[in-house]
Amino acid sequence: MERCRFVSSWGGVARCPDPAHRQGFCRFHFDCYRRGEITDRGIISERLSDQRRRRAINFHVRRPDERAA
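Reading the sequence shown from the start, the letters are residues 1188 to 1256 in our numbering.
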């Protein structure tokens, strides 16, 4: 099973663990891609200035048990 190709902006090493849905992205990150919030390279767009949204996109990468920490 292919994993989502989104890479977190936290050091560029954390990848989304969700299965790929379309164009190599999981459902959540594909929606972000369609909105222009992440690039086709799988990173957060520099144009996205909403810090809450940036965090939401990055936190999706973390497992539920890590999100609470």
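Glycine residues also receive a C-beta, built at the ideal position from the N, C-alpha and C atoms.
Going by DSSP, which residues form a beta bridge with residue i?
| i | result |
| --- | --- |
| Arg1209 | Phe1212 |
Buried or exposed for residue i, going by 16 or more other Cβ atoms inside 10 Å?
| i | result |
| --- | --- |
| Ser1195 | buried |
| Val1200 | exposed |
| Arg1254 | The predicted position of Arg1254 is uncertain, since its pLDDT is 47 and thus under 50; a value taken from the coordinates is nonetheless stated next. Flag for Arg1254 reads exposed. |
| Arg1221 | exposed |
| Phe1212 | buried |
| Phe1129 | It is not possible to answer for residue 1129, since the shown part of the chain is limited to 1188 through 1256. |
Compute the Euclidean distance between the alpha carbons of residue i and residue j, then round it to the nearest angstrom.
| i | j | result |
| --- | --- | --- |
| Ala1243 | Glu1189 | 22 Å |
| Leu1235 | Glu1224 | 6 Å |
| Gln1238 | Phe1246 | 12 Å |
| Arg1240 | Pro1206 | 22 Å |
| Phe1215 | Arg1209 | 10 Å |
| Ile1231 | Pro1204 | 16 Å |
| Cys1191 | Asp1218 | 12 Å |
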